[in-house]
Amino acid sequence: MTGLVRIGVDVGGTNTDAALLRGTDVLATVKTSTTADVTSGVEAAIRAVLAAGRLAGSEVGGVMIGTTHFLNALVEGQHLQRVGILRLCGRATRSLWPMVDWPEGLRALVDGGAALVGGGVNFDGSAIAPLDHAAIREACRGWKAAGIGAVAICAVFALVDPAMENAAAAIVAEEMPGVSISLSHRIGRTGLLQRESAAILNASLHRLGAQTIAAFRAAFAGLGLTCPLYLTQNDGTLMAADYAERFPVFTIASGPTNSMRGAAFLTGLKDAAVIDVGGTTTDVGLLVGGFPRSRSEGAMIAGVRTNFRVPDVFSFGLGGGSLIHSAARVGPESVGFRLPEKAICFGGDTLTATDIAVAAGLVDLGDKSRVAHLDATFVRAVLKQMKTSVETVLDQMKPGPEPIPAVLVGGGSVLIDGLLEGTSQSLRPKHFGSANAIGAAIAQVSGEVDSVVALEGRSREVALNGIIAEARLRAMEAGADEGSIQLAEVEETPLSYLPGNAIRISVKVVGELKA
Amino acid sequence: MKYWTLTEPDIDRIALGAGILGTGGGGNPYLGMLMVRAQLREGRTVRVIRPCDLAPDAFVLALGNIGAPTVGIEKMEEGDEGVRSLHALEQYTGRKVDAVIADEIGGSNGLAPMITAAKLGLPVVDADGMGRAFPEVQMTTFFIHGQASQPAVLADALGNVMIVTQATSPEMLEKLMRAGTVAMGCTAHMTTAPMSGDFIKRFGVPHTVSHAWTLGDTVINARAAKMDPVEALIARTGGSLLMRGKVSDVGRRIAAGFVRGSLTLTGLEAFQGRQMVIEIQNEYLIATEGDRVLAMVPDLICIVDSETGRPITTEEQRYGLRVSVIAIPAPALLRSDIALRSVGPRAFGYDFDFVPHLGAPMDAQPVAAYDA
Chain A
1 MTGLVRIGVD
11 VGGTNTDAAL
21 LRGTDVLATV
31 KTSTTADVTS
41 GVEAAIRAVL
51 AAGRLAGSEV
61 GGVMIGTTHF
71 LNALVEGQHL
81 QRVGILRLCG
91 RATRSLWPMV
101 DWPEGLRALV
111 DGGAALVGGG
121 VNFDGSAIAP
131 LDHAAIREAC
141 RGWKAAGIGA
151 VAICAVFALV
161 DPAMENAAAA
171 IVAEEMPGVS
181 ISLSHRIGRT
191 GLLQRESAAI
201 LNASLHRLGA
211 QTIAAFRAAF
221 AGLGLTCPLY
231 LTQNDGTLMA
241 ADYAERFPVF
251 TIASGPTNSM
261 RGAAFLTGLK
271 DAAVIDVGGT
281 TTDVGLLVGG
291 FPRSRSEGAM
301 IAGVRTNFRV
311 PDVFSFGLGG
321 GSLIHSAARV
331 GPESVGFRLP
341 EKAICFGGDT
351 LTATDIAVAA
361 GLVDLGDKSR
371 VAHLDATFVR
381 AVLKQMKTSV
391 ETVLDQMKPG
401 PEPIPAVLVG
411 GGSVLIDGLL
421 EGTSQSLRPK
431 HFGSANAIGA
441 AIAQVSGEVD
451 SVVALEGRSR
461 EVALNGIIAE
471 ARLRAMEAGA
481 DEGSIQLAEV
491 EETPLSYLPG
501 NAIRISVKVV
511 GELKA
Chain B
1 MKYWTLTEPD
11 IDRIALGAGI
21 LGTGGGGNPY
31 LGMLMVRAQL
41 REGRTVRVIR
51 PCDLAPDAFV
61 LALGNIGAPT
71 VGIEKMEEGD
81 EGVRSLHALE
91 QYTGRKVDAV
101 IADEIGGSNG
111 LAPMITAAKL
121 GLPVVDADGM
131 GRAFPEVQMT
141 TFFIHGQASQ
151 PAVLADALGN
161 VMIVTQATSP
171 EMLEKLMRAG
181 TVAMGCTAHM
191 TTAPMSGDFI
201 KRFGVPHTVS
211 HAWTLGDTVI
221 NARAAKMDPV
231 EALIARTGGS
241 LLMRGKVSDV
251 GRRIAAGFVR
261 GSLTLTGLEA
271 FQGRQMVIEI
281 QNEYLIATEG
291 DRVLAMVPDL
301 ICIVDSETGR
311 PITTEEQRYG
321 LRVSVIAIPA
331 PALLRSDIAL
341 RSVGPRAFGY
351 DFDFVPHLGA
361 PMDAQPVAAY
371 DA
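Protein sequences, first through last, are from chains A and B.
Count the first sequence with the numbering used here and you get residues 1 to 515, in order.
Count the second sequence with the numbering used here and you get residues 1 to 372, in order.
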């Protein structure tokens, strides 16, 4: 990425951050307010950062946006699409209908009717039942009549053999021209109900995905940008915009990831703990080989259990706006985005963590004299309390007892002073307040596959190579330059109570953006 | 006769308690909880009866799932496997089943009989054959006390049903069942030989559905009242708190299809400066501090999240988790000489005999809902 000019944008609940980079040089960073429509806030941030860096839109080689837009849509139940659900299962799995564990409100908005039809395979790839073409066509006619515009398809053990999901998708596309189709094997992991739910969530966001990308593209025209648009996804890598339209659900946990990737970039550390302190919450995560460690169990998204990989981040109520109570207790309540009017140092009447940091001389903000009356012992006790709360979480996240480096990022990280217990060093790099936008700007492209393979009759190497080849294809589809793709992660899990040396293999490859 | 008719909150409590009684193994009760809940939402009922209310000659059938947990979460039950097994057995024996019971209350199998019970309107007996979880079929108090090895039935989601009409030992039955399960795609529904009401009264571990409910209820209430769920569990179960600490090392591997290994915990708070090692064979089996054994199988070693009381399985363990180790004396039926031959430390390859470190077991009591 030598010399390539990129803009990274991170849309948070309160602020939209933007960073302008040339190669690895940070030229400018800005912070603007997040807007309800997201797009105008992004447009304003890009305009501001271009002005600060004195560059024209035409000089930019790529814009990378991280947004909580799709997560908010699910949490608020807004802009969602009704989804037809096709489960390929034969007689198996019928004891649990699709969406059985969804919150009732969200289910009512998204459920467009389910059809459980012949199909699916066993763990060894043998068919449970042949694919029932007629039943699929019949279901499609019903959905078409009901005006359903999105279909989620989930087959039993689609991760062992995705052929039936692909074949069913072809039939659906034929019966319902123009419909958007989400295939479970592209979205989730082993565990049918949770993978199916992830595919349904993705399908429900499809129209919003298309609209959002279109709005970003329209904004680009106004800014004179002619470069490609990317969205950052849960693992900190990029998706080309047309890919993001098909997989909006992959953006859902990208916020903490961008900060962690930014921290890695700003410090050059590949293995470290990252502590991102914002206005209301602190996220603690772990970098392994330069990428966030992912959570082994699935993610709960808007009350729905799913099982795609999200970063393993522990969030708790500590930030610049945290309320300070008697006995030096901190938060978890926060004044949030009203910090500039509420905090004592800014002329307000609420004692916040920021006031403590100002009183202790850790940061120069507002009117220092307004907090001069705070008792020094009390200030020290609060600072210690905040530090201890971070240290406790940090210890739970660490892979082992050995000290590891820690990187502090985010505007609120000034609250934490000195070396954290259990760390070899505690760094706060330059541009720490914009680590999220910088993380978006420098993101790479990945491809992931998770599969169960029975090793009977073929070697582990052959099986593994097949899975790596599939992951490479996915990375290229997402916009990676083929020559730069490298293996980032291989996880092999032997399965208990299974014969024939069945193992679960998950593979991730990472590459640079194709110029 | 008194009945306990289960509600949705009851199902949540039993599932949580079954997870705690899983002592680290037994599979996750989440899907089973959803399946039973779905039955209630379709208008069916699950009624539980006390073992003392069984007629001496009642025909009671133990139901459960067998197979690889990873397959079970992907190729879930069709729902009528238990019904087909039960009908096949009724046809073979020429007798009607009067009630169903779990082989294993701990983990996912604790809820398994309730689905078939709801579909057929049969009662579920408030008892089981383990009072916890164990890795193998023959480790039930039923087999320990002479339950016949046949007839046993295996059924899958697609309609295949296999009856074992003769097995020369419980161990051979276990082998046959595993082989059948593999042919059925590594997940199946199993019933063992029917038992009489009198046999269940004598050899079933009593009131374990109630026990699971009580554990779950204790944790849920403590959470709601912002109280310490671990303290609440200790007070309600007569168990001992062996350790409150964090996981400082996990050594785990899969050998011959089973999870084996050990877990090291470092003490926090009142346990500062102490260290405990827990031996794992699918379940948590032995807790030691230095040279001293503090608790051993078949006594229950339950590990829960210190803050939430959520049970933590052996697969979930990783460095840094804040956990509490609660040891509960095994029910008397598991501590007898004859039972210890099958489920004592020597049955798991340890070179020592069972010592009841935890004192006498507290008998599980039926829930108050029976009187309602």
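For glycine and all other residues, C-beta sits at the position ideal for the given N, C-alpha and C.
Rounded to the nearest angstrom, what separates residue i and residue j at their Cα positions?
i, j, result
"Thr93/B", "Ala145/A", "51 angstroms"
"Gly236/A", "Met172/B", "52 angstroms"
"Gly43/B", "Ala68/B", "31 angstroms"
"Val407/A", "Val358/A", "21 angstroms"
"Ala372/A", "Cys345/A", "10 angstroms"
"Asp291/B", "Met276/B", "10 angstroms"
"Gly82/B", "Gly255/A", "46 angstroms"
"Ala112/B", "Leu154/B", "14 angstroms"
"Met1/A", "Gly23/A", "Low per-residue confidence applies at Met1/A: pLDDT is 47, beneath 50, and the placement is therefore not dependable enough to give any value."
"Ala45/A", "Glu245/A", "22 angstroms"
"Gly72/B", "Thr187/B", "6 angstroms"
"Val49/A", "Ala115/A", "50 angstroms"
"Phe271/B", "Val323/B", "12 angstroms"
"Trp97/A", "Ala152/B", "30 angstroms"
"Phe378/A", "Leu339/A", "21 angstroms"
"Thr116/B", "Leu122/B", "8 angstroms"
So, for residue i: in the same chain, excluding its five sequence neighbours on each side, which residues have a beta-carbon less than 6 angstroms away from its beta-carbon?
i, result
"Gly251/B", "Gly261, Ser262"
"Gly410/A", "Asp276, Val277, Gly278"
"Thr354/A", "Gly320, Ala343"
Using a Cβ-Cβ distance cut-off of 9 angstroms, determine whether residue i contacts chain B.
i, result
"Met1/A", "Confidence at Met1/A is low in this model, with a pLDDT of 47, below 50, so the placement of that residue should be treated as unreliable; the coordinate-derived value is given next. Not closer than 9 angstroms to any Cβ of chain B, the Cβ of Met1/A fails to qualify, so no."
"Arg309/A", "no"
"Leu192/A", "yes"
"Gly120/A", "yes"
"Gly410/A", "no"
"Ala273/A", "no"
"Met164/A", "no"
"Val452/A", "yes"
"Ala502/A", "yes"
Enumerate in chain order the residues of its own chain whose CB-to-CB distance from residue i is below 8 angstroms, with the five nearest sequence positions on each side excluded.
i, result
"Gly303/A", "Trp102, Pro103, Leu106"
"Glu341/A", "Gly347, Gly348"
"Leu358/B", "Gly239, Ser240, Ala295, Asp299, Ala327, Ile328, Pro329"
"Glu333/A", "Gly317, Ser322, Leu323"
"Ile49/B", "Met1, Lys2, Tyr3, Trp4, Ala99, Pro123, Val124, Val125, Asp126"
Per DSSP, which residues does residue i bridge with? Please list them.
i, result
"Phe291/A", "Val288/A"
"Pro332/A", "Paired residues: none, contrary to the question."
"Glu289/B", "Arg292/B"
"Phe59/B", "Ser196/B"
"Glu489/A", "Lys508/A"
"Ser182/A", "Ala152/A"
Apart from the five residues just before and just after residue i, which ones in its own chain have a Cβ nearer than 7 angstroms to its Cβ?
i, result
"Arg47/A", "Leu223"
"Thr378/B", "The requested residue 378/B is not part of the displayed model; chain B covers only 1 to 372."
"Gly61/A", "Leu4, Val5, Arg6, Cys227"
"Cys52/B", "Lys201"
Residue i and residue j look like a contact to me (Cβ under 8 angstroms); what is the Cβ gap, rounded to whole Å?
i, j, result
"Val443/A", "Met64/A", "According to the sequence as given, residue 443/A is Ala; it is not Val. Contact flag correct, Cβ pair sits at about 6 angstroms."
"Gly90/A", "Gly118/A", "5 angstroms"
"Lys75/B", "Phe157/A", "7 angstroms"
Using a beta-carbon distance below 9 angstroms, is residue i in contact with chain A?
i, result
"Ser248/B", "yes"
"Lys175/B", "no"
"Thr70/B", "yes"
"Lys226/B", "no"
"Met172/B", "no"
"Arg274/B", "no"
"Arg13/B", "no"
"Gly24/B", "no"
"Arg322/B", "yes"
"Leu31/B", "yes"
Exercise. For the segment 291–319 of chain B, enumerate the residues whose C-beta is nearer than 9 angstroms to any C-beta of chain C, in chain order.
Key: The structure shown contains no chain C; the protein chains it does contain are A and B.
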